[in-house]
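Working notes, structure below.
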Amino acid sequence: LVQGTHLVLRRPFVETAFLVQVPGDERIVFLIPWYGRTLLGTTETTIHGDPGRAEVRDEERRYLLRAVSAVLNEPPQEDDVVGAYVGVRALKERPGRSATALSRDFAVEEPARGLWLAVGGKLTTARADAARMVDRLVPAPDGESPTLSQVLPGGDIPHLGELERELWDRGRRLQLDEDVVDALLFRHGSEARLRLDEIDAQPALAKRLHPELPFARVELEHALAHEDCHTVDDALRRRLPLSILGGVSDGLREEVRQRLEGP
């Protein structure tokens, strides 16, 4: 098992995503603009024991901040870090190889009859990896998963530029900031039209959940009503990345908790 730590920096330190070769190291780290913040990652640390207890380590935070200090005119400091999270994945072990040298390629293993394991892979390839797993477990009649031809909700966008202009025009009429409209398009695709319909019907849904972040209340209401939230983290971390971005007040957390628990 290896863990990777990611830091969220308060402001956009870069205008576009790029990779940094760590001085004196064979690794690279990335800086990615993310909802007005910057995502900095990642480390690679071998861990033992319960992966559910993985946590961001102080030495990993220092490593990441030090790694980019040589390439930025104004490098981030510790007090620029507003959020952090760690991910854990299983790699296929090879005797004598360090974690850095192990393959990241996705593989489906069957160590015992009927026990299937996903090894390797990463979040950005999760849909393709899941298709391979399903094909092994339940082969399609024609031998291929149909996932590549199936449109995800909100993915029916023949012309992205036209949809952008349509949403920006509507957003201006609803007095929405452009970054809020962009976030709706990025996260909801063509269904952003429905979120704007909801704001049109209830203008209070246009209010930002955090003054520095581009998430309107309409997204939280949609998540609570339609996206199977059972816990506060379901809503404020998994459906919306607010807690990772350092954008959850005690009041908002308590509001969501009470609504999920019901009367």
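For the sequence shown, this note's numbering gives the first residue as -11, with consecutive numbering after it.
Cβ atoms here follow ideal geometry from the backbone N, Cα and C, with glycine treated the same way.
From a predicted model like this one, the values you see are computed outputs, not experimental measurements.
(request) Could you check the C-alpha separation between Asp67 and Asn61 for me, to the nearest Å? (result) 17 Å
(request) Please say whether Thr33 and Val(-10) have beta carbons closer to each other than 8 Å? (result) yes
(message) Do Gly(-8) and Val74 have their beta-carbon atoms positioned less than 8 Å apart in this structure?
(response) yes
(request) Leaving out five residues on either side along the sequence, give the residues of the same chain with a beta carbon under 8 Å from the beta carbon of Thr275. (result) Nothing in the structure corresponds to residue 275, since the chain is present only between -11 and 251.
(request) Enumerate, from N- to C-terminal direction, the unbroken alpha helix (DSSP H) stretches of 4 or more residues contained entirely within the segment 19 to 72. (result) 46 to 57
(message) Taking the alpha-carbon of Arg183 as reference, which of Ala204, Asp165 and Pro199 has the nearest alpha-carbon?
(response) Ala204
(message) Check this for me: beta carbons of Arg179 and Pro141, under 8 Å apart or not?
(response) According to the sequence as given, residue 179 is Glu; it is not Arg. The answer is yes: Cβ separation under 8 Å.
(request) Would you kindly work out how many angstroms separate the C-alpha atoms of Leu151 and Pro11, rounded to a whole number? (result) 43 Å
(request) Assess, as a yes-or-no matter, whether the segment 187 to 198 is touched by the segment 156 to 170 under the definition of 3 or more beta carbon pairs within less than 8 Å. (result) yes
(message) Taking contact to mean 3 or more Cβ pairs, one atom from each stretch, closer than 8 Å, check whether the segment 204 to 223 and the segment 242 to 250 are in contact.
(response) yes
(request) For Ala55, I'd like the list of residues in its chain whose CB is within less than 7 Å of its CB, leaving aside the five on either flank, ordered along the chain. (result) Val8, Val10 and Val17
(request) Mind checking which residues open and close the alpha helix (DSSP H) that includes Phe6? (result) It is not in any alpha helix (DSSP H) - Phe6 instead sits in the beta strand (DSSP E) that spans Phe6 to Gln9.
(message) Can you find the residues in the same chain that come closer than 7 Å, C-beta to C-beta, to Ala211, ignoring five residues on each side of it along the sequence?
(response) Cys217, Ala223, Arg227 and Leu228
(message) So, at 8 Å on beta carbons, what are the nonlocal neighbours of Glu132 in its own chain, with the 5 sequence-adjacent residues on each side left out?
(response) Asp123
(message) Buried or exposed for Leu79, going by 16 or more other Cβ atoms inside 10 Å?
(response) buried
(message) Please report the distance separating the alpha-carbon of Pro83 from that of Glu209.
(response) 50 Å
(request) Look up Ala100 in the DSSP assignment and say whether it is helix, strand or coil. (result) strand
(message) Given a cut-off of 8 Å on the beta-carbon distance, is the pair Ala171 and Pro202 in contact?
(response) yes
(message) Could you give the first and the last residue of the continuous beta strand (DSSP E) run that contains Val168?
(response) Val168 -> not in any beta strand (DSSP E); alpha helix (DSSP H) instead, spanning Glu166 to His176.
(message) If we require 4 or more residues per run, which alpha helix (DSSP H) segments fall completely within the segment 105 to 172?
(response) 114 to 125 and 148 to 161
(request) Rank Val2, Asp46, Tyr51 and Val96 by C-alpha distance to the C-alpha of Met121 and give the top, closest one. (result) Val96
(message) Quick test of your reading: His(-6) and Ala58, contact by CB under 8 Å. State the CB separation rounded to the nearest angstrom.
(response) About 20 Å separates the two Cβ atoms, so there is no contact after all.
(request) With a threshold of 16 other CB atoms inside 10 Å of the CB of Ala42, please say whether the residue is buried or exposed. (result) buried
(message) One question on the structure: do Leu233 and Tyr51 come within less than 8 Å of each other, judged by their Cβ atoms?
(response) no
(request) Measure the beta-carbon distance from Arg25 to Val(-4) and round it to whole angstroms, keeping in mind my assumption that it falls under 8 Å. (result) 5 Å
(message) Run through the DSSP bridge pairs and tell me what His(-6) is partnered with.
(response) Gly29 and Tyr73
(request) Return helix, strand or coil for Ile232, following the three-state DSSP convention. (result) coil
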